[in-house]
């Protein structure tokens, strides 16, 4: 749901955050709630910025009151830069005890903070969900978008609080190698393209030439979801589209998505959405 009236970007504020002049070419505000705002911007190409990266800006207002901006630089070419901009209004932080905030980087009343951090693959996934999420009702959409925005804030604070490490868990140290991370990303692409024929972990591991255990641990580390949960989410989202937009029957959808029976599909769908598939028909 896009609401232009909830636009957060002004050229003056954007120039201040980027550190140099930028012209807004296009904007797509995303309504989340009264305390969180988001917007996707196309701005004139800004020199001196990294190819991609995140920036956190924290402005203390008074004790326990902060205004926090997250900027994600997503794409560059010679003519434009794409930016995802999130603004957490001061009222958002009222839900936290002042002492909890003050004892955690980057929250300090006496210090304005500007910090940079890397955009990991999971963060990019969250940003894409923020851009394209479509829920059954406005309330559900607002709740889901709020969850995504808070997740992005948590990851940003983790990145600026603790020096970046690919994975502190010994079993996942292999992710320090780019070639291994690429195998995980390739596995994700394969899953995205095979919602009609779910793969077993063994089949997927063979396709990307990776040990099953490493694949499972690496996939969860980079995406935040298990392989099975990721596949199930893809299939349920595809099922919603087939039922609502393409008007297929429950039987046709179950068959198209490779479920062994209508009953199996209906059970999985209700578990994921709280609704029966037939409730979306027509």
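Numbering (this note's numbering), first residue to last: 160 to 441. Cβ coordinates follow ideal geometry from the N, Cα and C atoms, glycine included.
Within the same chain, show all residues whose beta-carbon is closer than 8 Å to that of residue i, passing over the 5 residues directly before and after it, in chain order.
i: residue 423; result: 413
i: residue 358; result: 349, 350, 366 and 390
i: residue 435; result: 425, 428 and 429
i: residue 327; result: Model confidence at residue 327 stands at a pLDDT of 42, short of 50, so the residue's coordinates are unreliable and nothing is read from them.
i: residue 213; result: 229, 230, 231, 232, 275, 276, 277, 278, 282, 315 and 318
i: residue 162; result: Caution is warranted here: a pLDDT of 36 is assigned to residue 162, below 50, making its placement in the model unreliable, and no coordinate value can be reported.
i: residue 407; result: 401 and 415
i: residue 250; result: 193 and 194
Could you please give me the residues that DSSP links to residue i through a beta bridge?
i: residue 231; result: 213 and 243
i: residue 424; result: Paired residues: none, contrary to the question.
i: residue 202; result: 183 and 240
i: residue 274; result: 215
i: residue 221; result: 224
When DSSP labels each residue in this structure, what does residue i get in the three-state scheme?
i: residue 416; result: coil
i: residue 363; result: helix
i: residue 255; result: coil
i: residue 410; result: helix
i: residue 329; result: Only weak support is given to the placement of residue 329: the predicted model assigns it a pLDDT of 44, under 50, and the question is left unresolved by the model.
i: residue 429; result: helix
i: residue 314; result: helix
i: residue 393; result: helix
i: residue 197; result: strand
i: residue 436; result: helix
i: residue 188; result: strand
i: residue 402; result: helix
i: residue 372; result: helix
i: residue 248; result: coil
i: residue 350; result: helix
i: residue 383; result: coil
i: residue 294; result: coil
i: residue 264; result: coil
i: residue 355; result: coil
i: residue 280; result: helix
Near residue i, what residues of its chain come up, given a Cβ to Cβ distance below 6 Å and the 5 sequence neighbours on each side ignored?
i: residue 356; result: 417
i: residue 280; result: 381
i: residue 340; result: 334
i: residue 403; result: 439
i: residue 272; result: 217 and 265
i: residue 364; result: 371 and 374
i: residue 431; result: 395
Only counting the same chain, and skipping five residues up and downstream in sequence, which positions put a Cβ closer than 7 Å to that of residue i?
i: residue 354; result: 393, 394, 397 and 416
i: residue 192; result: 301 and 305
i: residue 442; result: Residue numbering for the chain in the displayed model covers 160 to 441; residue 442 lies beyond these limits and cannot be assessed.
i: residue 310; result: 285
Validate contact between the stretch 220-231 and the stretch 184-194 using beta carbons, cut 8 Å, 3 pairs: no
Cβ contact (3+ pairs, closer than 8 Å) linking the stretch 248-262 and the stretch 297-305: no
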